[in-house]
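Notes to accompany the following structure.
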Amino acid sequence: HFLADPDGDRVFTVYSGGESGPGVWRATGGTGKYQRIQAEGTFEEAYRPDVAAASGPVQYCTRESARWKLR
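If you want the working numbering, it's the 1-based position in the sequence shown plus 307.
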């Protein structure tokens, strides 16, 4: 996974745990101002729409916590 800000700088992350949590995540690197980021946190499912998807990606909301530091 990656997150991008309006400047185009990115943070790359990996997730461990169930698809919708609970689980943990951590940053594996970044670009630009996030090149030396240290970040980790937890996630868990907060809401999943009651819609049966015939095909395509499943969407749901997760609650996440984070601890991060830029060097």
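All residues carry an ideal CB built from backbone N, CA and C; glycine is no exception.
On a predicted model such as this, the values are computed, not experimentally measured, just so you know.
Spatial distance of residue i from residue j (CA atoms)
{"i": "glycine 336", "j": "proline 356", "result": "32 Å"}
{"i": "lysine 340", "j": "tryptophan 332", "result": "20 Å"}
{"i": "aspartate 314", "j": "threonine 338", "result": "11 Å"}
Chain-order list of residues whose beta-carbon lies under 7 Å from that of residue i (same chain, five-residue window excluded)
{"i": "cysteine 368", "result": "Ala353, Tyr354"}
CB contact flag (residue i, residue j, <9 Å)
{"i": "glycine 344", "j": "valine 321", "result": "Per the sequence shown, residue 344 should be read as isoleucine rather than glycine. In this structure, valine 321 does not lie closer than 9 Å to isoleucine 344 by Cβ."}
{"i": "glutamate 347", "j": "alanine 373", "result": "yes"}
Start-to-end residues for the beta strand (DSSP E) that takes in residue i
{"i": "arginine 317", "result": "317–324"}
{"i": "arginine 378", "result": "Neither: arginine 378 is in no beta strand (DSSP E) and is coded neither H nor E."}
{"i": "glutamine 345", "result": "345–354"}
{"i": "glycine 336", "result": "330–337"}
Cβ neighbours of residue i in the same chain (closer than 6 Å, five flanking residues each side left out)
{"i": "phenylalanine 309", "result": "Arg317, Phe319"}
{"i": "arginine 370", "result": "Glu351, Ala353"}
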